[in-house]
Every structure is written in structure tokens, then in C-alpha cells.
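Chemist: Take the sequence shown: its position 47, counting from 1, is numbered 47 in the working numbering, and each next residue is one higher.
We treat Cβ as the ideally placed atom computed from N, Cα and C, and that holds for glycine.
Here you go, one structure.
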Amino acid sequence: MEIALETKPKPSASFAGSGYVLMKAAEAKPSSVKSPTTDATYVDWVKSLVYHLHFGDFGGRTLRIVYFVLGLLGCVVIISGIMIWLVAREKPNIPAYKRKFNFWAANLFISMSLGMLPVTAFTFIVIKLPLPLIKVLSIAFIFIVGW
């Protein structure tokens with residue numbers, strides 16, 4: 001039997017990287033060791049960096065709040081872009097049927113964008129419930145059906 005332990009470096013030593021220790025249980029000594037700071041490959045570094053940026057698990061509380069607000073600003077940029085697109089097509093020389101289509105298209109895009117916010121919150125709440133079998137497929141099903 002082998003025991004595997006995956007490690008990550010302290011943020012003060014290295015922001016990204018990963019390592020491991022493989023140990024044979026019968027021998028009680030490591031059979032393979034990879035340091036997260038000195039032996040990390042480029043792929044390890046990139047995977048760890050993407051993980052940290054995706055989940056926002058770096059820095060202190062202030063940096064996490066700033067990172068969250070910047071993430072929300074991306075949503076604001078998309079919604080304001082849709083609104084600017086709609087206003088740019090509300091000219092009197094555009095035929096009425098095209099203006100009507102543009103209005104409905106913009107409403108559809110905005111409702112889809114804003115509809116994701118409560119469904120995302122609901123999905124996070126469902127994940128935290130102590131349910132016996134929450135798998136990736138059930139999470140995707142809850143999210144897509146709710147959306």
C-alpha cells in the first residue's frame with residue numbers, strides 16, 4: 001500500500017507550484033518526493049496559478065474583497081455593453097421591425113445575464129447542504145434547470 005500526500009508551497013515562499021510525497025506503508029519511508037518550491041515544473045506553476053486566481057484564495061481579506069469587486073465589474077461591463085449596443089441602434093432611420101428585434105434581443109441577453117446571479121447563489125447553497133450524493137452532473141443539472 002502507498003500513501004500519497006500532495007503539497008503546495010507557503011505563499012511567502014512561492015505563489016504557485018505543487019509537490020508530493022509517496023510513501024510505502026510497509027517501509028515507513030518516502031519512496032518519491034517532489035518539492036513544491038524547487039522541483040515544480042512550468043505546468044505545475046500554471047495549474048496552481050489558475051487555481052488560485054479562479055478560487056480567489058490568495059492574499060488577505062482586503063485583497064479578496066477587491067478581487068471580488070473587480071470580478072463583479074466584469075459583469076457590469078458586459079451589461080453596459082449590451083445597453084450601449086441597444087442605444088446605438090435606436091435611431092429613427094432604422095426600420096421599426098429592426099428596432100423591435102434589437103429591443104427584444106437586448107432584453108433577452110440582459111435577462112440571461114441577470115438570471116445567472118440568483119441561480120449561482122442557489123447552487124452554492126445546495127452544494128453546502130449535507131446531501132449524500134452531490135456530483136458534478138447533479139450540480140450542473142441544478143444550475144442549468146434553475147437558470
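1) Near D105, which residues of its chain fall below 6 Å by C-beta distance, leaving aside the five closest residues on each side in sequence?
2) Leaving aside the five residues before and after T123 along the sequence, list all residues of the same chain whose C-beta is less than 8 Å from its C-beta, in chain order.
3) Do you know how far the Cα of R64 is from the Cα of Y20?
4) Given a cut-off of 8 Å, decide if T37 and G59 are closer than it, judged by their beta-carbon atoms.
5) What's the C-alpha gap between P130 and L117?
Modeler: In brief:
1) Note on identity: in this sequence residue 105 is Ala, with Asp being the wrong assignment. Within the same chain, A105 has no close Cβ partners at all.
2) I139, I142, F143 and G146
3) 28 Å
4) no
5) 23 Å
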